[in-house]
Amino acid sequence: MDAKTSSVEDEDLQEAAIRVSEIFEKNKVVDWKNKVNTRKKIKREINVLLHSLDLEQSKIKSITNELMKIGGEHY
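Sequential numbering of the sequence shown, starting at 13, is according to the working numbering.
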């Protein structure tokens, strides 16, 4: 993201990235990708985090979905 498209500071984004990683680590259980309740919990926590950055709702949804895909590949 460049400064023209987002008012979120780089430091905030770095902190958010760390917190997203912590969310996945905290909720990582065997076969979490197939457990609906676990996926919902992770998604909800990511949504709360992204809302705290004052992002637009449409961006929050797409970012959350992308993070869930990435998390599914790496955790």
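For glycine and all other residues, C-beta sits at the position ideal for the given N, C-alpha and C.
#1: Could you give the DSSP three-state label for K52: helix, strand or coil?
#2: Got a sec? Which residues, its chain only, sit under 8 Å from I35 by beta carbon, not counting five neighbours each side?
#3: Span of the alpha helix (DSSP H) holding S33?
#4: For V41 and T50, which I take to be in contact (beta-carbon distance under 8 Å), what is that distance rounded to the nearest angstrom?
#5: If I'm right that H12 touches I72 with Cβ under 8 Å, what's the distance once you round it to whole angstroms?
#6: Could you tell me how far apart the beta carbons of V20 and L67 are, in whole angstroms, since I believe they sit closer than 8 Å?
#7: By the three-class DSSP mapping on this structure, what secondary structure does S70 have?
Taking the geometry as given:
#1: The sequence position of residue 52 within the sequence shown is 40, counting from 1. The answer is helix: DSSP assigns K52 an H, G or I state.
#2: Taking the first residue of the sequence shown as position 1, residue 35 is located at position 23. Contacts found: I54, E57, I58, L61.
#3: Reading the sequence shown from its first residue, position 21 is the one you call residue 33. Looking at the DSSP string, the run of the alpha helix (DSSP H) that includes S33 is 22-39.
#4: Sequence index remark: in the sequence shown, residue 41 carries index 29 (1-based). Sequence index remark: in the sequence shown, residue 50 carries index 38 (1-based). So it is a contact: roughly 6 Å between Cβ atoms.
#5: Lying outside 13 to 87, the shown extent of the chain, residue 12 is not represented and no answer is given.
#6: For this step, residue 20 is matched to residue 8 along the sequence shown. For this step, residue 67 is matched to residue 55 along the sequence shown. Confirmed, Cβ separation roughly 7 Å.
#7: Within the sequence shown, residue 70 is the residue found at index 58, counting from 1. It is helical.
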